[in-house]
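Visitor:
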Amino acid sequence: MINEKLKEKVRESLSSVLPITLIVLVISITLVPMEVGTLALFLTGAVLLIIGMGLFQLGAEMAMTPLGQGVGGRLMKGIRLPAALAVAFLMGAIITIAEPDLQVLANQVASIPNPVLIWTVAVGVGVFLVIAFLRILFHINLSQMLLVCYIGLFVLSFFSPDSFTSVAFDSGGVTTGPMTVPFIMALGVGLSAARSDRDSAEDSFGLVALCSIGPILMVLLLGIFYHPEDAVYTATVVPAVVTTQDVVLQFAHALPEYAKEVLSSLLPVAGIWIVFQLVTHSYRRRQMLRMAVGFVYTIVGLVLFLTGVNVGFAPVGSLLGEGLGASAYKWVLVPIGVLIGYYIVKAEPAVQVLNEQVEDLTGGTISRRMMNTALSVGVACAVALSMVRVLTGLNIYWLLIPGYALALILSRMVPQVFVGIAFDSGGVASGPMTSTFLLPLAMGACTAVGGTVVTDAFGVVAMVAMAPLIAIQIMGLIYVRRSKQAEQAAADLLADTTILDFEEE
């Protein structure tokens, strides 16, 4: 059974990663010629990415989802409110520290010490997970809460240094990555299921959305507090690779580093699982064994995925960006951005976890295929606009403020379930693939055209995080319109049938 599931997950990840691989191969043949060694590095990374993503998805399904749902259900039942809030805060903080993407963010912001940034962001996520818990408990309207939070963020951003605005909004997408999303999504399902009322399914979404706000808020506050002169990013260096042995050595050297990172990240989560079981005895021996196997799959999958994406994809992204930005056809970055954006979101491991949960909770009304299409179209537009920013130096406020304004207006026009799904999707879509392939691509292009990396290249993650907010809610508007048309057609048919019956009599 597990073997069949694993094959299915690997096939899904193959179909997700293959288009990106083919796009890069075509560009390397036509526009930006690459050395054979670099190409071998990229292809090896793609193989690790496919296997790692398949293992991770299966592991998250077997371990993270039941753990999150169990903890969520227990928080709503049999625990006093102060204790439940304390547990929610600790869970949010611990799971954020366990997020590998947070290390990427910490390395980007050189003006703030890594431990300070990591712990501050973790506190931010913990606080907003408490807020999300209270929202579900007291039936608070999600769109109203998001409106207040985002207005507050934009007001605060005007007091933060300009060099920090893009980095701060990038942090919201980066922090809700492959480690946090499966757990927080499952926690939301557990919390709402324990409430078991008419609106519980709708309220299961929105936790990731609110937890994405915490990192943005905290990075903006740190920017004000530390008065940094600049926020920098260590440029990705393409390693000197000549032989196949060099390729193997690059991955062999990186593998233990990422294994250590993932293990240190997952140990606190495993500790939560053990303590939770000792206190509540929620899982039987068979379930415990299955979850233990799931944790192993998650660890191995995440190690392979992060090694593949950081060693194989990041250097090639930077190389492609530099090559395209320096060419006479630099505006080709925009259509290439559309293509890469359309397919890269499918290769984000947490996206597939979200899509499965959406399909399950909506009973197939919102299918994985619909979600994938809406996310792909949204992210394609976002990456295209990001490339326009790289080439022109357009201030990110000209895109973020109208974009979020539109998203918040739409949130008042669609059912609440679509609001939760859309804002959750924003945090989910901007994961490790975006931060380790798209960001180096934008940085490489920005360097080549003579732009300012901190203000012009940063922001691509923020744009990718914003796009699903609009795309999914537009899908919601279409869904509402079609539902009304179907109801009207059914009513007309019933009326016609009644008239015919009356005439026959």
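With this note's numbering, letter number 370 in the sequence shown gets 550, and the count goes up by one each step, no holes. A virtual CB, placed ideally from N, CA and C, is assigned to each residue, including glycine. The structure displayed is predicted, hence computed values, not measured ones.
Report the rounded CA-to-CA distance for Phe-598 versus Ile-589, giving the unit in angstroms.
Guide: Using only the alpha carbons, I get a separation of about 13 Å.
Visitor: State the Cα-Cα distance for the pair Met-468 and Ala-264, rounded to the nearest angstrom.
Guide: If you take the alpha carbons of Met-468 and Ala-264, they lie about 24 Å apart.
Visitor: Thinking C-alpha only, which one of Ser-195, Phe-222 and Leu-221 is nearest Met-233?
Guide: The residue with the shortest Cα to Cα distance from Met-233 is Ser-195.
Visitor: Could you check the C-alpha separation between Asn-230 and Tyr-523 for me, to the nearest Å?
Guide: Sequence check: residue 230 is Ile here, not Asn. Computed Cα separation, rounded: 14 Å.
Visitor: Label Glu-502 either buried or exposed according to how many other C-beta atoms from any shown protein chain fall within 10 Å of its C-beta, with 16 as the threshold for buried.
Guide: The residue is buried, with at least 16 neighbouring Cβ atoms inside 10 Å.
Visitor: Taking 6 Å as the limit between beta carbons, can you name the residues of its chain near Gly-505, skipping five residues before and five after?
Guide: Excluding positions up to five away in sequence, the list reads Ala-625, Ala-628 and Val-629.
Visitor: When burial is assigned at 16 or more other CB atoms within 10 Å of the CB, is Met-365 buried or exposed?
Guide: Flag for Met-365 reads buried.
Visitor: Within its chain, find whatever has a CB closer than 6 Å to the CB of Glu-382; leave out the 5 residues flanking it on each side and keep chain order.
Guide: The answer, listed in chain order, is Gln-596 and Val-597.
Visitor: Would you call the CB atoms of Gln-237 and Gly-370 closer than 8 Å?
Guide: No, they are not a contact pair.
Visitor: For Ala-302, I'd like the list of residues in its chain whose CB is within less than 6 Å of its CB, leaving aside the five on either flank, ordered along the chain.
Guide: Here the set comprises Ala-273, Thr-276 and Ile-277.
Visitor: Using C-beta distances below 6 Å, list every residue in its chain close to Phe-222, excluding the 5 sequence neighbours before and after it, in chain order.
Guide: Taken in chain order, the residues that qualify are Gly-492 and Val-496.
Visitor: Between the segment 302-319 and the segment 569-582, do three or more beta carbon pairs fall short of 8 Å?
Guide: No, they do not touch.
Visitor: Reducing DSSP to helix, strand and coil, say where Gly-630 ends up.
Guide: Of the three classes helix, strand and coil, the one that applies to Gly-630 here is coil, per DSSP.
Visitor: Would Gly-611 pass as a contact of Ala-560 if the rule is Cβ separation under 8 Å?
Guide: Result no, Cβ atoms of Gly-611 and Ala-560 do not sit closer than 8 Å.
Visitor: Report the residue from Ala-564, Tyr-406, Leu-327 and Phe-344 whose alpha carbon sits nearest the alpha carbon of Thr-635.
Guide: Answer by Cα proximity: Phe-344.
Visitor: If I measure Cβ to Cβ from Leu-327 and keep anything under 8 Å in the same chain, skipping five residues before and after, which residues do I get?
Guide: Leu-588 and Ser-591, listed in sequence order.
Visitor: Nearest-angstrom Cα distance between Gly-239 and Ala-609?
Guide: If I take the Cα positions, the gap works out to 19 Å.
Visitor: Got a sec, what are the start and stop residues for the alpha helix (DSSP H) Ala-246 sits in?
Guide: According to the sequence shown, residue 246 is Pro rather than Ala. Element bounds for Pro-246: 245-256.
Visitor: Would you be able to state if there are at least three C-beta pairs under 8 Å between the segment 294-309 and the segment 551-565?
Guide: No: the two stretches stay apart, fewer than three of their Cβ pairs being nearer than 8 Å.
Visitor: With DSSP collapsed to three states, give me the class of Asn-535.
Guide: Helix at Asn-535.
Visitor: Using only the alpha-carbon positions, how far apart do Ala-373 and Gly-253 sit?
Guide: C-alpha separation (whole angstroms): 7 Å.
Visitor: So Thr-424 is in the alpha helix (DSSP H); what residue range does that whole segment cover?
Guide: Thr-424 -> alpha helix (DSSP H) spans 424-460.
Visitor: Cβ atoms of Thr-224 and Val-361: under 8 Å apart, would you say?
Guide: Cβ atoms of Val-361 and Thr-224: not closer than 8 Å.
Visitor: Can Val-190 and Ala-226 be called in contact, C-beta distance under 8 Å?
Guide: No, the Cβ-Cβ distance between Val-190 and Ala-226 is not below 8 Å.
Visitor: Quick check on DSSP: helix, strand or coil for Ser-591?
Guide: DSSP places Ser-591 in coil when its eight states are reduced to three.
Visitor: Spatial neighbours of Val-442 within its chain, please: CB distance less than 6 Å, with the 5 preceding and 5 following residues excluded, ordered by chain position.
Guide: Excluding residues within five positions, the ones whose Cβ falls inside 6 Å are Ile-479, Leu-482 and Val-483.
Visitor: Report yes if the CB atom of Met-242 is closer than 8 Å to the CB atom of Gly-607, and no otherwise.
Guide: Taking 8 Å as the Cβ cut-off, Met-242 and Gly-607 do not qualify as a contacting pair.
Visitor: By alpha-carbon positions, which one of Gly-639, Glu-188, Ala-669 and Val-525 ends up nearest to Gly-357?
Guide: The shortest Cα separation from Gly-357 among Gly-639, Glu-188, Ala-669 and Val-525 belongs to Val-525.
Visitor: Please classify Ser-444 as buried or exposed, where buried requires at least 16 neighbouring CB atoms within 10 angstroms.
Guide: So Ser-444 ends up on the exposed side.
Visitor: Cβ of Ala-642 within 8 Å of Cβ of Ser-346?
Guide: Contact: yes.
Visitor: Counting C-beta neighbours from all protein chains within 10 Å, is the total for Phe-318 16 or more, i.e. buried, or is it exposed?
Guide: Exposed.
Visitor: Could you check whether Met-567 and Gly-600 sit closer than 8 Å to each other, using their CB atoms as the reference points?
Guide: No, the pair does not count as a contact, with Cβ atoms beyond the cut-off.
Visitor: Taking all protein chains shown into account, do 16 or more other C-beta atoms lie within 10 angstroms of the C-beta of Pro-262, making it buried, or fewer, making it exposed?
Guide: Pro-262 should be labelled exposed.
Visitor: Counting only the same chain and skipping the five closest in sequence on each side, list residues whose C-beta sits under 8 Å from that of Ile-654.
Guide: Counting only Cβ-Cβ distances below 8 Å, and skipping sequence neighbours, we find Ala-554 and Leu-590.
Visitor: Quick test of your reading: Ser-498 and Met-623, contact by CB under 8 Å. State the CB separation rounded to the nearest angstrom.
Guide: Correct: roughly 6 Å between the Cβ atoms.
Visitor: Which runs of the alpha helix (DSSP H) at least 4 residues long sit entirely within the segment 337-398? Give them in chain order.
Guide: Within the segment 337-398, the complete alpha helix (DSSP H) runs of at least 4 residues are 342-355, 360-375 and 380-383.
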